[in-house]
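Residue numbers (the numbering used here), protein chains in the order written: chain A, 5 to 501; chain B, 105 to 517.
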């Protein structure tokens with residue numbers, strides 16, 4: 005399928021998400037669309053898939069101008085999309101998810117099942133049509149999404165950041181699948197901001213910045229550096245450590261930590277871990293292997309079923325979250341909307357949260373709005389939080405600015421330990437560099453830092469030491485100076501290390 | 105229409121469990137009946153009363169299931185049932201029994217339409233809209249009854265009687281034989297015979313319709329593309345939208361059907377459970393229907409089983425001089441809870457197991473300490489049972505993932 009987008013424009017109240025977007029997709033090729041978060045890639049994809057209607061511009065498919073009122077129109081002419089956040093119903097089976105909306109093709113019964121089996125075989129997908137989607141892992145869910153698209157006979161397949169949730173081995177499996185698809189004459193539109201992957205898989209590259217396409221590149225000749233400069237309009241930051249500040253004074257010690265769920269599953273199993281002053285310890289692992297629980301146990305959000313946690317020579321195993329925070333633990337949570345900020349509170353009130361017992365922002369049982377506002381102003385200035393004022397609600401800020409504000413708040417009140425859980429998830433490159441700086445500065449100031457991340461480059465670049473967590477156990481240790489993402493990925497999935 | 109060769113795994117597992125549980129329940133009931141010598145526990149009369157009490161709850165529960173499977177919480181079932189009672193009385197009085205049933209369906213669907221417009225088109229919170237419909241339904245029925253029934257023969261400002269109702273059937277041979285066997289009070293055999301007699305003697309056609317709707321609901325929702333689409337709206341409407349499903353349309357259809365089922369439940373109250381209409385006849389059964397839907401795990405057969413249980417409690421509360429019978433039921437409940445506690449404890453949920461066991465022991469002590477339960481208390485049985493059952497069982501239940509959540513088109517991805 006030959007698809008041309010010309011002069012696409014899309015406005016939302018207050019923002020221009022896309023303008024003057026031009027894109028040409030050849031049949032039988034992988035076309036990569038790259039750009040930072042917020043560059044307008046996802047909006048463009050929703051327009052191409054008919055989820056949203058453009059305010060201007062034309063879509064030409066095989067020489068014919070098209071208008072999509074809904075995804076149904078896009079599906080009808082052979083466009084399929086795999087969303088970044090999977091569009092699957094957990095409580096339905098694989099088969100039900102696949103045939104939903106396409107019941108007219110082969111019904112919902114035996115014929116559809118054999119059709120699904122056939123596609124699975126053709127592309128080497130290992131999926132049981134009758135398994136509940138709730139029981140599947142991330143990579144398998146992604147295959148269900150691709151299966152959905154193939155079942156409808158799509159000739160253009162859009163993949164929105166498909167590798168964001170995969171470990172390196174799974175990425176390779178996905179790429180093999182994509183090559184098979186292209187070989188059978190289909191086109192793939194691959195959206196990403198990971199340049200290595202783009203250079204590896206793409207036949208054509210188009211770069212987006214601030215809502216518009218700024219150029220194309222040939223993957224055979226382009227370098228990462230050139231692409232990065234096109235993407236951000238400046239040089240790409242990288243996570244790196246400066247001088248060695250590691251001491252041998254332990255600040256956080258976990259010994260034999262175990263956690264059993266209500267149903268008897270071992271979520272954490274005999275975890276031993278030490279973080280020293282001036283040291284960043286990175287935890288690598290596929291999501292859902294106990295990282296969340298580890299953080300919750302340290303923060304006192306859940307109580308360990310066995311073992312002891314020591315913070316600066318004090319036993320904090322049984323302390324409440326507030327007491328743990330009062331002892332000087334800063335916490336950047338993995339989901340800032342669930343744990344980090346109250347979205348509808350202004351920034352100065354968010355400044356108080358987590359510090360309800362600290363003198364600067366409270367006065368005995370009362371709040372100290374003046375002090376909180378002044379201190380929020382300080383954070384906004386020191387941490388470069390882009391906001392009109394301290395009275396703005398947190399919701400109005402971009403993800404990166406929310407995160408910078410959280411980092412600033414957590415670094416207030418002289419902490420001794422920083423727990424950073426996915427600190428740069430969902431933030432743009434600029435904020436990412438700033439947050440890396442702040443973590444480095446915390447290390448320089450003698451804090452211990454426990455860093456949990458799914459971004460292997462970040463882990464390898466920032467950590468002094470790397471620990472791998474697998475099924476609730478620490479299974480491997482690495483020196484970040486001598487480890488590759490590939491080796492780390494192998495250890496994370498429990499392969500032969 | 106293609107029929108699935110094998111049922112989905114969830115359904116298969118469910119059937120297996122239901123069968124085992126039913127068998128255990130029957131044996132336990134029979135044992136307690138023999139032990140306490142409280143024969144009224146399983147006479148055909150009691151069971152027939154239980155079935156009649158169960159049907160309105162069943163219909164309300166099925167109605168709730170339709171709406172929630174499409175992602176809309178319909179707490180307005182009570183109000184829609186009320187509208188149904190009036191619709192049944194009005195149309196049956198003027199046009200005959202089956203016109204009354206149709207009228208109840210329409211009135212209920214009207215209440216459903218109101219809920220659909222509020223929640224789906226205008227995005228009103230489902231609970232608020234539902235509560236408003238319950239209050240408005242009560243007011244509307246009071247007004248309608250006063251306006252249309254006051255001057256009728258057999259009518260008054262708050263009631264109406266003397267209209268036609270759907271026929272009752274008795275299956276000749278089986279009914280008499282089962283009645284005879286159940287009179288012998290043999291262990292187990294007589295109890296089962298009583299159940300058979302209960303469903304073969306003076307059985308209303310509406311009862312048959314209600315039970316048939318269970319099967320119809322299960323078939324439509326799980327075996328047809330229409331049902332798949334409707335359920336997908338309750339699980340992940342954004343995903344459904346990206347696959348070309350018109351989510352609004354399915355939600356509207358589901359809530360209309362939901363209201364119609366609740367209206368039919370109202371018709372049952374006004375035509376089978378009693379043969380006259382009074383305002384406020386539902387008396388909270390819409391809410392109990394909602395509870396039976398939850399306890400039935402949003403599953404048609406589950407709703408059937410749980411509404412039979414609630415219906416039994418409701419039926420018993422209607423019997424005269426039921427103190428000793430409720431007293432005997434304390435022993436039954438205590439035994440069932442002990443079994444449940446054992447299952448929980450062995451399954452690793454020790455705290456739950458111990459708490460439930462303590463409740464069971466408390467009931468047992470109560471049973472041993474007194475001879476009869478005061479009449480004031482017996483009327484509360486169905487409601488207390490509702491609270492109790494939900495408190496104990498709510499941990500294992502799983503509602504449709506997107507039920508009660510607002511949905512707007514164009515937000516996928």
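Idealized CB from N, CA, C, for every residue including glycine.
Only a predicted model underlies this, so the values are computations on that prediction, with no experimental measurement involved.
Taking the alpha helix (DSSP H) that residue 46 (chain A) falls in, what are its first and last residues?
Mapped onto the first chain, residue 46 (chain A) falls at position 42. Element bounds for residue 46 (chain A): 45-52.
Counting pairs of beta carbons, one from the segment 207-214 of chain A and one from the segment 30-39 of chain A, are three or more of them closer than 8 Å?
Counting C-beta pairs with one atom in each stretch, the segment 207-214 of chain A and the segment 30-39 of chain A have three or more that are closer than 8 Å, which means they touch.
Residue 381 (chain B) and residue 193 (chain B) look like a contact to me (Cβ under 8 Å); what is the Cβ gap, rounded to whole Å?
The residue given as residue 381 (chain B) occupies position 277 in the second chain. The residue given as residue 193 (chain B) occupies position 89 in the second chain. The Cβ separation is near 4 Å, so the contact holds.
So residue 94 (chain A) contacts chain B; which residues on that side make the cut at Cβ distance below 8 Å?
The count along the first chain starts at 1 and reaches residue 94 (chain A) at position 90. Here the neighbours are 339, 340, 505.
If you compare alpha carbons, which of A:120, A:205, A:302, A:165 is closest to residue 179 (chain A)?
One-based indexing of the first chain puts residue 179 (chain A) at position 175. Cα-wise, what sits closest to residue 179 (chain A) is A:205.
Nearest to residue 348 (chain A) by CA position, among A:330, A:394, A:423, A:309, is which residue?
Start at 1 with the first residue of the first chain, and residue 348 (chain A) comes out as number 344. In terms of CA proximity to residue 348 (chain A), A:394 leads the group A:330, A:394, A:423, A:309.
Using a Cβ-Cβ distance cut-off of 8 Å, determine whether residue 112 (chain B) contacts chain A.
The count along the second chain starts at 1 and reaches residue 112 (chain B) at position 8. With a pLDDT of 47 at residue 112 (chain B), under the threshold of 50, the modelled position of that residue is not reliable, and no figure is offered here.
Proximal residues to residue 493 (chain B) (C-beta, below 7 Å), its chain only, five neighbours per side dropped
Sequence index remark: in the second chain, residue 493 (chain B) carries index 389 (1-based). The residues are 399.
Counting only beta-carbon atoms, is residue 501 (chain B) nearer than 8 Å to chain A?
Residue numbering aside, residue 501 (chain B) sits at position 397 when the second chain is read from its first letter. No, no contact with chain A.
Going by DSSP, what residues sit across from residue 85 (chain A) in a beta bridge?
Taking the first chain and counting its residues from 1, one reaches residue 85 (chain A) at position 81. For residue 85 (chain A), which the question treats as bridged, DSSP gives the partners A:162.
Counting only Cβ-Cβ distances shorter than 9 Å, please list the residues of the segment 81-92 of chain A near chain B, keeping chain order.
Result list: 85, 87, 88, 89, 90, 91, 92.
Residue 348 (chain B) touches chain A at which residues, Cβ-Cβ below 7 Å?
Numbered from 1 along the second chain, position 244 holds the residue referred to as residue 348 (chain B). Going along chain A in sequence order, the residues near residue 348 (chain B) (Cβ under 7 Å) are 74, 75, 76, 79, 105.
Distance CB(residue 216 (chain A))-CB(residue 86 (chain A)) smaller than 8 Å
What you label residue 216 (chain A) is simply residue 212 of the first chain in a count that begins at 1. What you label residue 86 (chain A) is simply residue 82 of the first chain in a count that begins at 1. No, the pair does not count as a contact, with Cβ atoms beyond the cut-off.
Exposed or buried, which one is residue 105 (chain B) when buried takes at least 16 other CB atoms within 10 Å?
Locating residue 105 (chain B) in the second chain gives position 1, where the first residue counts as 1. Bear in mind that the predicted position of residue 105 (chain B) carries a pLDDT of just 33, short of 50, making it unreliable; the figure below should be weighed with that in mind. So residue 105 (chain B) counts as exposed.
Hey, quick one: how far does the beta strand (DSSP E) through residue 310 (chain A) stretch, first residue to last?
Here residue 310 (chain A) corresponds to residue number 306 of the first chain, with the count starting at 1. Per DSSP, residue 310 (chain A) belongs to the beta strand (DSSP E) from 310-315.
Residue 508 (chain B) at chain A interface by Cβ criterion, 8 Å
Counting from 1 along the second chain, the entry for residue 508 (chain B) is found at position 404. Not one chain A Cβ lies under 8 Å of residue 508 (chain B).
Mind listing which residues of the segment 41-63 of chain A have their C-beta closer than 7 Å to chain B's C-betas, in chain order?
Listed by position along the chain: 46, 50, 55, 56.
Residue 343 (chain B) versus chain A: which residues are under 7 Å apart at the beta carbon?
One-based indexing of the second chain puts residue 343 (chain B) at position 239. The answer, in chain order, is 91, 92, 93.
When the Cα of residue 397 (chain A) is compared with those of A:354, A:79, A:359, which residue comes out closest?
Translated into the one-based positions of the first chain, residue 397 (chain A) becomes position 393. Taking the Cα of residue 397 (chain A) as reference, the smallest distance to any Cα among A:354, A:79, A:359 is reached at A:354.
Name the chain B residues that come within less than 8 Å of residue 268 (chain A), Cβ to Cβ?
Position 264 of the first chain, counting from 1, holds the residue named residue 268 (chain A). For the C-beta of residue 268 (chain A), the chain B residues within less than 8 Å are, from N- to C-terminus, 452.
Mind checking whether residue 456 (chain A) and residue 426 (chain A) have CB atoms under 8 Å apart?
Working through the first chain from its first residue, we reach residue 456 (chain A) at position 452. Working through the first chain from its first residue, we reach residue 426 (chain A) at position 422. Cβ distance < 8 Å, so residue 456 (chain A) and residue 426 (chain A) count as in contact.
Using beta carbons (cut-off 8 Å, strictly below), is residue 462 (chain A) in contact with chain B?
The residue labelled residue 462 (chain A) in the question sits at position 458 within the first chain. Chain B, which has no Cβ nearer than 8 Å to the Cβ of residue 462 (chain A), makes this no.
Under the three-state DSSP convention, the category residue 91 (chain A) falls into:
Within the first chain, the letter at position 87 stands for residue 91 (chain A). Correct three-state label for residue 91 (chain A): coil.
If you compare alpha carbons, which of B:203, B:133, B:295, B:183 is closest to residue 388 (chain B)?
By 1-based counting over the second chain, the position of residue 388 (chain B) is 284. Answer by Cα proximity: B:183.
Pop quiz: residue 188 (chain B) and residue 370 (chain B) are said to be a contact at Cβ under 8 Å. What is the actual Cβ separation, rounded to whole angstroms?
The count along the second chain starts at 1 and reaches residue 188 (chain B) at position 84. The count along the second chain starts at 1 and reaches residue 370 (chain B) at position 266. Going by Cβ atoms, the distance from residue 188 (chain B) to residue 370 (chain B) rounds to 2 Å, so yes, they are a contact pair.
Please report whether the beta-carbon of residue 100 (chain A) lies at a distance below 8 Å from any beta-carbon of chain B.
Along the first chain, one-based indexing puts residue 100 (chain A) at 96. Taking Cβ atoms only, chain B reaches closer than 8 Å to residue 100 (chain A), which makes this a yes.
Just to confirm, are residue 313 (chain B) and residue 148 (chain B) a CB contact at a threshold of 8 Å?
Numbered from 1 along the second chain, position 209 holds the residue referred to as residue 313 (chain B). Numbered from 1 along the second chain, position 44 holds the residue referred to as residue 148 (chain B). Not a contact, by the Cβ cut-off of 8 Å.
Looking at the C-beta of residue 336 (chain B), does it have a partner C-beta in chain A at a distance below 8 Å?
Sequence index remark: in the second chain, residue 336 (chain B) carries index 232 (1-based). Output row for residue 336 (chain B): interface = yes.
Throw me the rounded Cβ distance for the residue 75 (chain A) and residue 339 (chain B) pair, which I believe falls under 8 Å.
Taking the first residue of the first chain as 1, we reach residue 75 (chain A) at position 71. Taking the first residue of the second chain as 1, we reach residue 339 (chain B) at position 235. With a Cβ gap of about 18 Å, residue 75 (chain A) and residue 339 (chain B) do not count as contacting.
Under the three-state DSSP convention, the category residue 359 (chain A) falls into
For this step, residue 359 (chain A) is matched to residue 355 along the first chain. The answer is coil: DSSP assigns residue 359 (chain A) none of H, G, I, E or B.
Whole beta strand (DSSP E) runs in the segment 185-259 of chain A with 3 or more residues, listed along the chain?
Within the segment 185-259 of chain A, the complete beta strand (DSSP E) runs of at least 3 residues are 191-196, 208-213, 216-221.
From the DSSP output, in three-state form, read off residue 23 (chain A) for me.
Here residue 23 (chain A) refers to the residue found at position 19 of the first chain. Three-state result, residue 23 (chain A): strand.
Using the beta-carbon count (16 or more within 10 Å), is residue 455 (chain B) buried or exposed?
For this step, residue 455 (chain B) is matched to residue 351 along the second chain. With fewer than 16 other Cβ atoms within 10 Å, it is exposed.
So, is residue 231 (chain B) buried or exposed, given that buried needs 16 or more other C-beta atoms within 10 angstroms?
In the second chain, the residue the question calls residue 231 (chain B) occupies position 127. Exposed, because fewer than 16 other Cβ atoms sit within 10 Å of the Cβ of residue 231 (chain B).
Going straight from the alpha carbon of residue 295 (chain A) to that of residue 168 (chain A), what length do you get?
As a first step, residue 295 (chain A) must be located in the first chain, where it is residue number 291. As a first step, residue 168 (chain A) must be located in the first chain, where it is residue number 164. Looking at the two C-alpha atoms, the distance is approximately 18 Å.
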